[in-house]
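Those letters in the sequence shown? Residues 3 to 466, per my numbering, in order.
Notes follow once the structure below has been shown.
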Amino acid sequence: WKEILECFLENYDTGDFAYATIGNDKRTLLHHHFRRSDITGEDDDEIAVARLLIQASIEMRESFLFHDSVLSIPDCYGNTPLHYLFQTSYAHYSRMRYVEMVIEMSDSVDQMRHTSFYWNELMLRQSDWGCTPLHRLAEHVSIDDDAFTMILRKCNDACNSQFLIHPLLQVDNDGELPIDFACDQVDATDRWLEPLVGFLDSDYKVTYDAVFKCKCHLNLLDIFIENHEEEVERFYSDNDWWSAEERECVSFQQFLSSKKRVDEIDWSSLRRPFEDLWPKLRVLLETAVKSNIHHTVKMHEYANSSEPVHLCCSVENFPTFILQMTLLHDQSALLRRDEHGRVPLHYALVATSSIKEQDPLVELAYWGANYESRSLVQYILENAPDSVAVKDRDGRLPIHLAIVNGRDLDSVVLPIVATSPSSIVAIDPCTNLKPFILAAAHDHAPLDVVFRLLTLEPSLLHKE
């Protein structure tokens, strides 16, 4: 490396070697540098060679009108040097010093251009398959944690151009985001997923929306089934209400929705595999709650619950299998109060939702759609009807929460009244009003809810 560095330094002013390509692959020296199997990421001269190539290209940028540095030069497959820096199939060397150096060089370009988003321009460069460097990064779960977080924090810091989307929201040619690539990795942990859905301490909330991509959820489910074929087959055998021929035509999601109550389903064969899946689901759910809050005006905000089932019930616009599997894993949770003194039904009634991406080519069941005709509230009530009488820590019953949060008549309010007819006259402790008067006085209550509550308690009209 020392000899190579000296050679470059001797010829620094004699040509455009930084942009020169080798062979039919059209790869620059920096492409080849990041593809080498013998680099360590620790040798000073090795790092200096890469730095010199980038620095020289920046100084020669006026001769290459469409590129501000060699970092954006594509090879014949559309891959930039950064695609190879983050790619898994090459040497597992430490990336930390390279990442620090590349960030420094991108800042130099910004300084020359009087901009602040060159880093994100690099992260948005797509190969012929539409993959960005972040797609490659997402599937490389062995990369240094510090380098990984530094890369994504820089994306947040550089996201101030109205012409560029956040790199975490760039899809490839198959419509997949970096988070989708990460969910495909068996070894990806919850700590790995958190930055890819948007830093939880970041103000750039739009990155949270990535968790609503159908393919992200479907990938998680498909990988779960593929990696636990024996356990899934045992699950079907343990729940043999359908014949083998019928099971071949039924998806796992349909199977979960085929029984009204979870206590009719034997979950023992999938209990252990689900424990490995839950940390990933937790990250997606917590991020979805934040996204929903960001996109809607929350009328009665609840703090997140640490209980898995309670957390699932906070996200109505996620596929049904997530709550169904979580509830099968902890069937007593629907009547259990969490650290905030609430049961899952409380969260389902207060939850707000805005985004529900339903791709017609991706068969996922959502509440009230596809394989699941029930609403989230109906599902909870069928499995835990006694939860309709549980008050939250403000003393409010589910009927009161449904009204003040403007919930739907047919899928929410009427199922509550049908399960607990006496709730129609229950006084709300926060306003001292009965349900009909509470709805009539509340701006967010739909008119059909007000009218139906009146018809259910017409005596109110005759009282002085």
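Just so you know, even glycine gets a beta-carbon here, dropped at the ideal spot from N, CA and C.
- DSSP, read as helix, strand or coil, puts threonine 209 in helix.
- The beta carbon of tryptophan 269 sits closer than 7 angstroms to the beta carbons of Leu330, His331 from its chain, once the five residues preceding and following it are set aside; these are given in chain order.
- In this chain, the alpha helix (DSSP H) harbouring aspartate 47 covers 46-61.
- Using a 10 angstroms sphere on the CB of glutamine 172, the tally of other CB atoms reaches 16 or more, which defines it as buried.
- C-alpha of leucine 283 to C-alpha of valine 199: approximately 12 angstroms in a straight line.
- Its Cα nearest to that of alanine 212, the residue Gly177 stands out among Leu223, Ala190, Asn241, Gly177.
- Taking a 10 Å sphere around the C-beta of proline 346, we find 16 or more other C-beta atoms and assign the residue as buried.
- Note that the C-beta distance between leucine 124 and serine 144 is not below 9 angstroms.
- Nearest to methionine 98 by alpha-carbon distance, out of Ile49, Phe438, Asp278, Arg409, is Ile49.
- When the Cα atoms are used, threonine 82 and cysteine 161 turn out to be separated by approximately 21 angstroms.
- Taking 9 angstroms as the cut-off, the Cβ atoms of serine 377 and aspartate 410 count as close.
- Distance from the CA of threonine 421 to the CA of valine 390, rounded to the nearest whole angstrom, comes to 7 angstroms.
- Apart from the 5 residues on each side of it in sequence, glutamine 89 sits with its Cβ closer than 6 angstroms to the Cβ of Arg138 in its chain, given in chain order.
- Under the criterion of beta carbons closer than 8 angstroms, proline 437 and valine 379 do not qualify as touching, at roughly 16 angstroms.
- Judged by DSSP secondary structure, histidine 219 falls within the alpha helix (DSSP H) whose first and last residues are 216-229.
- Note on geometry: alpha-carbon atoms of histidine 348 and phenylalanine 226 lie some 30 angstroms from one another.
- Taking the C-beta atoms as reference points, serine 163 is found no nearer than 9 angstroms to threonine 209.
- Collapsing the DSSP output to three states places threonine 117 in coil.
- DSSP places glutamate 178 in the coil class of the three-state scheme, outside both helix and strand.
- Only buried fits isoleucine 60, as 16 or more other CB atoms lie within 10 angstroms of its CB.
- Per the C-alpha coordinates, the member of Ser129, Asp70, Asp146 positioned closest to glutamine 113 is Asp70.
- Closest in alpha carbon position to aspartate 182, among Asp146, His142, Arg155, Cys157, is His142.
- By the CB criterion at 9 angstroms, threonine 328 and tryptophan 369 fall outside the cutoff.
- For valine 415, the number of other beta carbons within 10 angstroms of its own is at least 16, and it is reported as buried.
- The beta carbon of asparagine 229 is closer than 8 angstroms to those of Val188, Pro275 in its chain, skipping five residues each way along the sequence.
- As the crow flies, the alpha-carbon of aspartate 45 is around 11 angstroms from that of serine 96.
- By the criterion of a C-beta distance shorter than 6 angstroms, alanine 190 is surrounded in its chain by Val143, Ala184, once the five residues flanking it on both sides are discounted.
- Cβ neighbours of serine 129 within its own chain (closer than 7 angstroms, five residues either side excluded): Tyr79, Gly80, Asn81, His85.
- If you draw a 10 Å sphere on the C-beta of threonine 30, you find 16 or more other C-beta atoms in it, and that means buried.
- Taking the Cα positions, cysteine 432 is about 8 angstroms away from glycine 397.
- Note on serine 39: under 16 other CB atoms within 10 angstroms of its CB, so exposed under the neighbour-count rule.
- For aspartate 192, the uninterrupted alpha helix (DSSP H) segment begins and ends at 192-198.
- For the options Glu384, Ser308, Trp280, the alpha carbon positioned closest to that of aspartate 265 is the one of Glu384.
- Out of Ser424, Phe320, Ala22, the CA that lies nearest to the CA of lysine 217 is found in Phe320.
- Bounds of the alpha helix (DSSP H) holding glutamine 255 are 254-259.
- Beyond the five residues adjoining it in sequence on each side, leucine 287 comes within less than 6 angstroms, by CB distance, of Leu313, Val317 in the same chain, given in chain order.
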